[in-house]
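Novice:
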Amino acid sequence: MGCPLSGPHGIGHPVRAALRSLGCESGVILITGRDRMRRSMHALSALTASCLLAFTSAAHAQKKFDVILSGNIWYEHGFVSQKNDTDLRSTEARNRYRLNVMPRGVADNGLEYGARLRIRTVAGGVVDNDRSYLFLNGSMGELRLGAQPGFDDEVNGLGANASRPPEYLPDTSFSQWTGFVPAIRTAANGRYSGADVVGGIGSTMTIALFWPALEGMGLTDKLLYKSPRVAGFQVGGSYTPRTDSYNTDVNRVKRASTPAAQFTGSFQDVAEVGANYVETFNDVTVRLGAAYAYGKASQTTDSTDRFSDLREWHIGAQINYGGLKVGADYIDHGKSGQNLRYAYTARFSAWDVGATYDLGPYRFALSYMEGTDPGSSTLPGNRKVSAYEAGTLYRVAPGLAVGLRYTHYIARSDRTVTAASGSPNDRGNVVLSHVAVNF
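Residue numbers for the sequence shown follow the UniProt record's numbering, so the first one is 1 and each next one is one higher.
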């Protein structure tokens with residue numbers, strides 16, 4: 001998908017100027033510092049305006065839209081055995097339904113245009129959306145405007161061009177075993193219960209401590225551009241005005257963080273640039289990806305607060321040969337979002353490695369994931385989670401699959417150990433059965 005800006009004389013002058021200011025005269029985006037990132041934001045805006053101008057002058061719409069429906073629903077039943085299990089039951093179940101609604105039209109010059117809405121069920125019986133954008137698609141790439149993930153999550157994440165460990169769940173989503181392990185708390189008898197694997201800066205910057213995604217690249221209103229793929233390469237980027245506002249919400253408040261908080265997830269003027277490479281050499285397919293994001297942290301009215309600006313990067317690779325897929329990725333958030341007024345800030349990073357093997361309708365998988373963040377900024381040390389996982393998938397029929405996976409996790413916390421509370425460190429085993437329909 002993209003914007004058809006080429007004509008008999010190539011790319012128009014406004015677009016060429018915008019691309020030049022992005023540093024991609026030859027198709028490669030260069031980053032040299034904060035000034036370059038600011039220039040990238042302005043250039044992306046200029047590129048958008050140029051795209052829209054080209055669309056309105058060249059495209060003639062067809063008479064009707066096609067409305068495409070797709071989605072998936074899954075059901076999971078889990079069994080959990082863990083060390084810190086005071087007042088916790090061992091079994092639970094959950095499900096999720098996601099529905100994509102995509103009206104699509106094609107102009108007589110080949111321009112594809114339309115919109116996408118993804119509706120989903122979430123915790124507590126709530127129904128919301130996590131995709132809501134319009135798109136313009138042509139010979140010069142894809143332009144999207146609205147609530148959506150960023151370039152890295154869209155291109156380098158799950159999907160045909162994934163440059164990270166392969167997925168093997170029936171709905172091809174990243175492992176979410178932490179959904180069955182409650183956050184650490186103090187039980188009625190004063191003992192620690194649960195595991196220190198969610199909450200804190202790890203869940204503020206991403207979904208979980210080891211989640212491979214850049215901050216601000218999830219459900220936020222943004223401008224996103226993806227180039228066509230040339231010689232295996234695809235480049236792109238996005239601009240997000242702020243990470244705490246989307247859909248019809250308008251938030252112009254500069255000082256939006258909570259005073260004296262240990263961290264914030266509110267960033268403004270977030271710029272992202274990334275690249276993806278996919279090529280096949282004989283029988284081996286190689287996928288590589290990288291992305292970098294920068295943004296200003298929202299401050300507070302308290303002059304002693306110093307929330308660190310957003311600076312993060314993500315790299316990954318996947319190699320496919322026959323039915324075998326092997327991949328790994330690493331993400332580094334630095335001290336993004338942490339309040340430097342506190343003594344015990346630390347880097348936040350995560351990595352994972354995995355492999356799958358397809359044998360007829362079966363898929364077998366092994367993976368390892370690890371994440372580390374500062375835990376509490378008022379306590380020395382950090383927290384760390386490691387998880388070893390094995391699983392299998394069986395394709396029953398087109399669009400119908402069942403799966404079984406086992407996860408052994410080790411969670412280390414920086415919380416205080418006392419005789420009454422015991423140790424906050426936890427380890428456990430999670431077994432999940434999984435059924436999914438994809439349509």
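Glycine included, each C-beta is placed from N, C-alpha and C at the ideal position.
To the nearest angstrom, how far is the alpha carbon of ASN247 from that of LEU117?
Specialist: Position 247 of the sequence shown, counting from 1, holds the residue named residue 247. Position 117 of the sequence shown, counting from 1, holds the residue named residue 117. Approximately 11 Å, taken between the alpha carbons.
Novice: Between LEU219 and the ligand GDP, is there a pair consisting of the residue's CB and a ligand heavy atom that are separated by less than 6 Å?
Specialist: In terms of ligand content, the structure shown is empty, and the ligand GDP therefore cannot be addressed.
Novice: Give me the Cα-Cα distance between ALA290 and GLY157, rounded to the nearest whole angstrom.
Specialist: To locate residue 290, count along the sequence shown from 1; it is residue 290. To locate residue 157, count along the sequence shown from 1; it is residue 157. So the two alpha carbons sit approximately 11 Å from each other.
Novice: Would you kindly report the start and end of the unbroken beta strand (DSSP E) that includes SER132?
Specialist: On the sequence shown, position 132 is the one that residue 132 refers to. Per DSSP, SER132 belongs to the beta strand (DSSP E) from 127 to 138.
Novice: Can you check whether the CB of HIS408 is closer than 7 Å to the CB of ASN425?
Specialist: Your numbering for residue 425 matches position 425 in the sequence shown. Your numbering for residue 408 matches position 408 in the sequence shown. No, these two residues do not count as a Cβ contact at 7 Å.
Novice: Hey, could you find the ends of the beta strand (DSSP E) ILE73 is sitting in?
Specialist: Start at 1 with the first residue of the sequence shown, and residue 73 comes out as number 73. Note, ILE73: beta strand (DSSP E), 66 to 82.
Novice: Who pairs with LEU99 in a beta bridge, going by DSSP?
Specialist: Reading the sequence shown from its first residue, position 99 is the one you call residue 99. DSSP output for LEU99 lists GLY71 and ILE119 as bridge partner(s).
Novice: Buried or exposed: GLU272, going by 16 or more other Cβ atoms within 10 Å of its Cβ?
Specialist: The residue labelled residue 272 in the question sits at position 272 within the sequence shown. GLU272 comes out buried.
Novice: Is there contact here, the stretch 298 to 318 with the stretch 338 to 356, by at least three beta-carbon pairs under 8 Å?
Specialist: Cβ pair count under 8 Å is three or more, so yes.
Novice: Does the beta-carbon of VAL155 have 16 or more other beta-carbons within 10 angstroms, so that it is buried, or is it exposed?
Specialist: Walking along the sequence shown from the start, residue 155 turns up at place 155. The residue is buried, with at least 16 neighbouring Cβ atoms inside 10 Å.
Novice: Along the alpha helix (DSSP H) that carries GLY157, what are the first and last residues, could you check?
Specialist: Along the sequence shown, one-based indexing puts residue 157 at 157. Per DSSP, GLY157 belongs to no alpha helix (DSSP H) and is neither H nor E.
Novice: Could you pull the start and end residues of the beta strand (DSSP E) that ILE201 belongs to?
Specialist: As a position in the sequence shown, residue 201 is number 201, starting the count at 1. Careful: ILE201 lies outside any beta strand (DSSP E), inside the alpha helix (DSSP H) at 200 to 205.
Novice: Which of the three DSSP states, helix, strand or coil, is assigned to THR178?
Specialist: Here the question's residue 178 lines up with position 178 in the sequence shown. THR178 falls in the helix class under three-state DSSP.
Novice: Taking DSSP's pairing of strands, which residues face LYS222 in a bridge?
Specialist: Reading the sequence shown from its first residue, position 222 is the one you call residue 222. Answer is GLY146.
Novice: Alpha carbons only, please: which of LEU88, VAL127, ASN95 and LYS64 is nearest the one belonging to TRP74?
Specialist: For the purposes of this step, residue 74 is taken as the residue at position 74 of the sequence shown. Comparing Cα positions, the closest option is ASN95.
Novice: Would the beta-carbon of ASP152 fall within 7 Å of that of HIS314?
Specialist: Within the sequence shown, numbered from 1, the residue matching residue 152 stands at position 152. Within the sequence shown, numbered from 1, the residue matching residue 314 stands at position 314. Closer than 7 Å, so yes.
Novice: For GLY327, which three-state DSSP category applies?
Specialist: As a working mapping, residue 327 is identified with position 327 in the sequence shown. Strand.
Novice: Is it right to say ASN282 is buried, meaning 16 or more other beta carbons lie within 10 angstroms of its own, or is it exposed?
Specialist: For the purposes of this step, residue 282 is taken as residue 282 along the sequence shown, with counting starting at 1. Per the 10 Å Cβ criterion, exposed.
Novice: Could you check the C-alpha separation between SER367 and VAL106 for me, to the nearest Å?
Specialist: Here residue 367 refers to the residue found at position 367 when the sequence shown is read from its first residue. Here residue 106 refers to the residue found at position 106 when the sequence shown is read from its first residue. Going by the C-alpha atoms only, they are around 42 Å apart.
Novice: List the residues that DSSP assigns as beta-bridge partners of PHE281.
Specialist: On the sequence shown, position 281 is the one that residue 281 refers to. Paired residue(s): VAL284.
Novice: When you compare only the Cα positions, how much space is there between GLU92 and PHE65?
Specialist: In the sequence shown, counting from the first residue as 1, residue 92 sits at position 92. In the sequence shown, counting from the first residue as 1, residue 65 sits at position 65. When rounded, the distance between both Cα atoms is 43 Å.
Novice: What first and last residue would you give for the beta strand (DSSP E) that runs through GLY391?
Specialist: As a first step, residue 391 must be located in the sequence shown, where it is residue number 391. Note, GLY391: beta strand (DSSP E), 383 to 397.
Novice: Let me know the secondary structure DSSP gives ALA401 once reduced to three states.
Specialist: Mapped onto the sequence shown, residue 401 falls at position 401. Strand.
Novice: CB ALA377 to CB THR416, shorter than 7 Å?
Specialist: Position 377 of the sequence shown holds residue 377. Position 416 of the sequence shown holds residue 416. Inspection of the sequence shows that residue 377 is occupied by Ser rather than by Ala. No, they are not a contact pair.
Novice: Quick one: what does DSSP say GLY334 is sitting in, helix, strand or coil?
Specialist: The sequence position of residue 334 within the sequence shown is 334, counting from 1. GLY334: strand per DSSP, three-state reduction.
Novice: Residues in the same chain with beta-carbon distance under 6 Å from ARG89, minus the five sequence neighbours each way, listed in chain order, please.
Specialist: Here the question's residue 89 lines up with position 89 in the sequence shown. Same-chain partners within the cutoff: there are none.
Novice: Give every residue of the same chain whose Cβ lies closer than 7 Å to the Cβ of ASP358, excluding the five residues on either side of it in the sequence, and list them in chain order.
Specialist: The residue given as residue 358 occupies position 358 in the sequence shown. So the qualifying residues of the chain are GLY323.
Novice: With a Cβ-Cβ cutoff of 7 Å, do SER245 and THR300 count as a contact?
Specialist: Counting from 1 along the sequence shown, the entry for residue 245 is found at position 245. Counting from 1 along the sequence shown, the entry for residue 300 is found at position 300. Contact flag unset, no.
Novice: How long is the line joining the alpha carbons of LEU432 and ASP249, rounded to whole angstroms?
Specialist: What you label residue 432 is simply residue 432 of the sequence shown in a count that begins at 1. What you label residue 249 is simply residue 249 of the sequence shown in a count that begins at 1. The alpha-carbon atoms of LEU432 and ASP249 are separated by roughly 37 Å.
Novice: Start and end of the beta strand (DSSP E) containing SER266?
Specialist: Numbered from its first residue, the sequence shown carries residue 266 at position 266. Premise fails: SER266 is in no beta strand (DSSP E) and is neither H nor E.
Novice: For ILE331, count neighbouring Cβ atoms within 10 angstroms of its own Cβ and tell me buried if that reaches 16, exposed if not.
Specialist: Sequence index remark: in the sequence shown, residue 331 carries index 331 (1-based). With 16 or more Cβ atoms within 10 Å of its Cβ, ILE331 is classed as buried.
Novice: Exposed or buried, which one is THR243 when buried takes at least 16 other CB atoms within 10 Å?
Specialist: Within the sequence shown, the letter at position 243 stands for residue 243. Buried is the call here.
Novice: If you reduce the DSSP assignment to three classes, tell me which class GLY237 lands in.
Specialist: Counting from one through the sequence shown, the residue named residue 237 turns up at place 237. Here GLY237 sits in strand by DSSP.
Novice: Go ahead and label SER81 buried or exposed: buried means 16 or more other beta carbons lie within 10 angstroms of its beta carbon, across all protein chains shown.
Specialist: Stepping through the sequence shown from its first residue, residue 81 is reached at position 81. Counting Cβ neighbours within 10 Å, SER81 comes out exposed, since fewer than 16 surround it.
Novice: Exposed or buried, GLU279, counting other C-beta atoms within 10 Å across all chains shown (16 or more means buried)?
Specialist: Position 279 of the sequence shown holds residue 279. Exposed.
Novice: For GLY124, which three-state DSSP category applies?
Specialist: Working through the sequence shown from its first residue, we reach residue 124 at position 124. GLY124: helix per DSSP, three-state reduction.
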